[in-house]
Amino acid sequence: MAGENVTVEEYISRYPDEIQEILRKVRATILEAVPSDEEKVRYDMPAVMLGGRYALHYAAWKKHIGIYPVATAGDELEADIAPYRSGKDSLTFPYNRPIPYELIGRVAAFVSELHAAP
-18 MAGENVTVEE YISRYPDEIQ EILRKVRATI LEAVPSDEEK VRYDMPAVML GGRYALHYAA
42 WKKHIGIYPV ATAGDELEAD IAPYRSGKDS LTFPYNRPIP YELIGRVAAF VSELHAAP
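Mapping to the working numbering: the sequence shown position 2 is -17, numbers consecutive.
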């Protein structure tokens, strides 16, 4: 099951139980921080929409959860996410370490603020 013709729940359900649990927590954390209930699957990844635009994608990979795109943040948030930066606009959270859901919520709130700015 690939592509954009699946729901977010269908995307999540194709993974092993332990990864499904992480994905559901990531999803809930993002949706709690972002004033949107619109979700779509794009590029074979769940995405949260803001103002009709794709704001934040997340995905399960073999060894980590990825969140995209995450622009450079203010000094404090950037320092906190620095260990998870894997590219200019990417964050990766390895399965072999505790997933920092609170930090993911802060990142989602930051991305939401960026999309709200004029």
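For every residue, glycine included, the Cβ atom is placed at its ideal position computed from N, Cα and C.
It should be emphasised that the depicted structure is a prediction, and the values quoted were computed from it without experimental measurement.
- Counting along the chain, the unbroken beta strand (DSSP E) around Ser71 starts and ends at 71 to 75.
- Assignment of Glu20 by DSSP, reduced to helix, strand and coil, places it in the strand class.
- Per DSSP, Gly86 is one residue of the alpha helix (DSSP H) stretching across 82 to 97.
- In this model, Leu58 and Pro75 are separated by some 19 Å (Cα to Cα).
- A distance below 7 Å between beta-carbons, with the five flanking residues on each side excluded, links Phe91 to the following residues of its chain, in chain order: Ala54, Leu58.
- Buried is the label assigned to Thr10, since at least 16 other Cβ atoms lie within 10 Å of its Cβ.
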